[in-house]
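J.: In terms of full-length UniProt numbering, the sequence shown has 222 at position 222, counting the first letter as 1, and numbering is strictly consecutive. By construction, the Cβ of each residue, glycine as well, lies at the ideal position given by its N, Cα and C atoms.
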Amino acid sequence: MGGRTVVLNSGDEIDSSDSDRGYRTKRHGRWDEHHRKESRNNKQDGRMLESSKPPQGRSTLQEGNRNRNQNLNTYVSSLGKRGRVYVPPYKLARMMKEVEDKSNIEYQSLTWDALKKSINGIVNKVNAANIKNIIPEILSENLVRGRGLFCRSCMKSQMASPGFTDVFAALVSVVNTKFPEVGVLLLRRLVLGLKRAFKRNDKPKLSAAVKFIAHLINQQVAHEIIALELLTVLLENPSNDSVEVAVWFVTDCGSMLQDLSPKGLRGIFDRFRGILHEGEIDKRVQYLIEGLFALRKAKFKGYPAVRPELDLVDQQDQFTHEVSLQEEIDPENSLNLFKLDPDFLENEKRYEQVKKTILGDEESEDDDDNDDESEEEEEEEEMQIRDDTETNLVNPSKDDISDHHVQCRF
Numbered sequence: 001m002g003g004r005t006v007v008l009n010s011g012d013e014i015d016s017s018d019s020d021r022g023y024r025t026k027r028h029g030r031w032d033e034h035h036r037k038e039s040r041n042n043k044q045d046g047r048m049l050e051s052s053k054p055p056q057g058r059s060t061l062q063e064g065n066r067n068r069n070q071n072l073n074t075y076v077s078s079l080g081k082r083g084r085v086y087v088p089p090y091k092l093a094r095m096m097k098e099v100e101d102k103s104n105i106e107y108q109s110l111t112w113d114a115l116k117k118s119i120n121g122i123v124n125k126v127n128a129a130n131i132k133n134i135i136p137e138i139l140s141e142n143l144v145r146g147r148g149l150f151c152r153s154c155m156k157s158q159m160a161s162p163g164f165t166d167v168f169a170a171l172v173s174v175v176n177t178k179f180p181e182v183g184v185l186l187l188r189r190l191v192l193g194l195k196r197a198f199k200r201n202d203k204p205k206l207s208a209a210v211k212f213i214a215h216l217i218n219q220q221v222a223h224e225i226i227a228l229e230l231l232t233v234l235l236e237n238p239s240n241d242s243v244e245v246a247v248w249f250v251t252d253c254g255s256m257l258q259d260l261s262p263k264g265l266r267g268i269f270d271r272f273r274g275i276l277h278e279g280e281i282d283k284r285v286q287y288l289i290e291g292l293f294a295l296r297k298a299k300f301k302g303y304p305a306v307r308p309e310l311d312l313v314d315q316q317d318q319f320t321h322e323v324s325l326q327e328e329i330d331p332e333n334s335l336n337l338f339k340l341d342p343d344f345l346e347n348e349k350r351y352e353q354v355k356k357t358i359l360g361d362e363e364s365e366d367d368d369d370n371d372d373e374s375e376e377e378e379e380e381e382e383m384q385i386r387d388d389t390e391t392n393l394v395n396p397s398k399d400d401i402s403d404h405h406v407q408c409r410f
C-alpha cells in the first residue's frame, strides 16, 4: 500500500506510510525525526543498564583485589608528580601490610612516602628543649636513602622559621657525625641557593641561606673559609641589602670567626670601616655597621657561637666540609624523588645494622651517664649520713637532754 499525505495547515505536512518509520513532521523544508532520537536515547539507557550490572563469574574478593591493585597502581603512577592525592597515614600503613612482595615497586613507593612524612614530622617538631629526644628518632630513619628528603625538609623548615636556625644546625651537626654525606649535601644546596638568590636579588632567600651557613660554621660543619668568601662577595659592590646581610652574618658567626680566623675577620671589619667612610649607603645601614663594631668591642656578648643546650657534639667527632663559592655544585635533586632500588631489601637490612650500632652506642653512653649520676648520688647520701652522725654527737636530741635532766634530779 502506498503512503498518503495529509495537509494540516499551510507549510505543515504529515507523510504517513505503511512502513515502520513512523510519522515525520515537515516544517519549512526541515525534517525533525522524533522517533529516531527516542530510539537512540533508549539504546543509550540500555547500555547504561548493562554496564551497571555486576560481571558474571567474578567474586567479591576478586573485585576487591582488583580495586586495591588499581589504587596501588594509581598511587605509584602519581609519585614524582605535583599535586598528587593525599594518603592518610592509617591507609598508607594498611596498604603496606597488604603488599606481599616487599621488593616490588608498590611496596618501595609506600615506604618512600612513609619515610618522607616521618622525616618532615620529626624536623618540624624539633626545638632546643626536645632536641636530645629527637636525635634518636631521626637516626632511626633511613637517612642514607632519605638524605635528600632530610636536607630539603631542613631548608624548608629553616626558611619558614629563621629563629630556629641554630636548632636545625645542631640537629644537622649530630647527623653529620654519623653520616657526613648528609652534611656536605646540605651545605652544597645552601651554597647553590645562596648564589642563585644573590643573582636574583632575592633578599629573603639570601638571608635564610646566609643565616643557616653561619650556624653551620658555628657547629663546625662548614669550614670558615666559606664565611670569608661570602663576606668578600657581599661587600665587593656594597648595596644597602648586601651590607645588611653581611652585618647579620657577622653577628651570627663573628664569635666563632674571631677564634678560628682573627686575621680574616680583621680584614672584613676594615672593609666595613671603608664603607662607612664612603658614605654611599643609607643611614640605617650605617647605624647597623656601627652597632656591629660595638658588638665586636664587647666580644660578641649576647651572641655566642653555640648555646650550651645545643652543644651536642665533641670537636674531635665532627666532620668539617669545605665548599667554595667558586666551584660548580651538583644539588643532586634526584635524591628528592622516588626511584626503584633493585637491592632494596639488602640496603634496608644493612641500614638496620647501622642503626643498631648507632643507637646502641648512644644508649650505652646514656647508661654510663646514668651510672655516674647514681654513683654520685650514693656518695652524696653517704656523706650526708656521716655528717648527720657527727651533728648528732655534737647536738644531742631533746629526749637525750630530758633523760639527762631526769638523772641529775635523782
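Mapping the DSSP letters down to three states, classify A222 as helix, strand or coil.
T.: It is a strand residue.
J.: Based on Cα-Cα distance, which residue from F164, L335, L206 and I213 lies nearest to L187?
T.: Per the Cα distances, I213.
J.: Given that a residue counts as buried once 16 or more other Cβ atoms are within 10 Å of its Cβ, and exposed if not, what is V144?
T.: With fewer than 16 other Cβ atoms within 10 Å, it is exposed.
J.: Which ranges would you report for the alpha helix (DSSP H) in the region 129-211 if only whole runs of at least 4 residues count?
T.: 131-140, 147-160, 165-178 and 180-200, all fully within the region 129-211.
J.: Tell me, to the nearest whole angstrom, how far the beta carbon of L325 is from that of I226; I am working on the premise that it is less than 8 Å.
T.: With 8 Å as the limit, L325 and I226 qualify as a contact, their Cβ atoms being about 7 Å apart.
J.: Is the CB-CB distance between S161 and L345 below 7 Å?
T.: No, these two residues do not count as a Cβ contact at 7 Å.
J.: Rounded C-beta distance between I289 and K178? I'm assuming under 8 Å.
T.: The Cβ separation is near 40 Å, so there is no contact.
J.: Only counting the same chain, and skipping five residues up and downstream in sequence, which positions put a Cβ closer than 6 Å to that of K116?
T.: Only L149 meet the Cβ criterion.
J.: Keeping to the same chain, check which residues put their C-beta closer than 6 Å to that of M159; ignore five residues upstream and five downstream.
T.: Same-chain partners within the cutoff: A208.
J.: Would you please verify whether the beta carbon of F319 is less than 7 Å from any beta carbon of chain D?
T.: Any reference to chain D falls outside this structure, which holds one protein chain only.
J.: May I have the straight-line CA-CA distance separating F249 from F198, to the nearest angstrom?
T.: Approximately 14 Å between the Cα atoms of the pair.
J.: Taking the alpha-carbon of L335 as reference, which of I135, I138, R152 and I131 has the nearest alpha-carbon?
T.: That would be R152, whose Cα lies nearest to the Cα of L335.
J.: Can you name the start and end residues of the alpha helix (DSSP H) that Y287 belongs to?
T.: K283 to K297 is the extent of the alpha helix (DSSP H) around Y287.
J.: Quick check on the burial criterion: 16 or more other C-beta atoms within 10 angstroms. Buried or exposed for L340?
T.: Exposed is the call here.
J.: Within 10 angstroms of its Cβ, does L61 collect 16 or more other Cβ (buried), or is it exposed?
T.: At L61, the pLDDT of 47 sits below 50, so the modelled position is not reliable; the number obtained from the coordinates is stated separately. Exposed, by the Cβ-count rule.
J.: Is K211 buried or exposed, if buried means 16 or more other CB atoms sit within 10 Å of its CB?
T.: Classification of K211: buried, given that the 10 Å Cβ count is 16 or more.
J.: Mapping the DSSP letters down to three states, classify E382 as helix, strand or coil.
T.: The predicted model places E382 with a pLDDT of 46, which falls under 50 and marks its position as unreliable, so this point remains unresolved.
J.: State buried or exposed for P238, treating a residue as buried only when at least 16 other CB atoms are found within 10 Å of its CB.
T.: Buried is the call here.
J.: Which residue's Cα is closest to the Cα of E309: V323, K132 and Q108?
T.: Of the candidates V323, K132 and Q108, the one whose C-alpha sits nearest the C-alpha of E309 is K132.
J.: Considering Cα atoms alone, identify which of A294, S109 and Q315 is closest to V174.
T.: Nearest option by C-alpha distance: Q315.
J.: With C-beta atoms as the reference, is V184 less than 7 Å away from R147?
T.: No.
J.: Assign R266 to buried or exposed, taking buried as 16 or more other Cβ atoms, counted over all protein chains shown, within 10 Å of its Cβ.
T.: It is exposed - the Cβ of R266 has fewer than 16 other Cβ atoms within 10 Å.
J.: For G274, does the count of other Cβ atoms within 10 angstroms reach 16, so buried, or fall short, so exposed?
T.: When all chains shown are included, G274 counts as exposed.
J.: So, under 8 Å CB-CB, A169 and L216 are touching, yes? Tell me the CB distance rounded to an integer number of Å.
T.: 5 Å between Cβ atoms; contact.
J.: Hey, would you say L190 sits closer than 7 Å to E224, going by beta carbons?
T.: No, they are not a contact pair.
J.: On the criterion of 16 or more Cβ atoms from any shown chain inside 10 Å, does A246 qualify as buried, or is it exposed?
T.: Looking at its Cβ environment, which holds 16 or more other Cβ atoms inside 10 Å, A246 is buried.
J.: Report yes if the C-beta distance between D241 and K203 is below 7 Å; otherwise report no.
T.: Yes, the pair counts as a contact, with Cβ atoms nearer than the cut-off.
J.: From residue 419 to E348, what does the alpha carbon distance come to, in whole angstroms?
T.: The structure shown has nothing for residue 419, since the chain only spans 1 to 410.
J.: When we look at the beta-carbon of G254 and count the other beta-carbons within 10 Å, is it buried (16 or more) or exposed?
T.: Classification for G254: buried.
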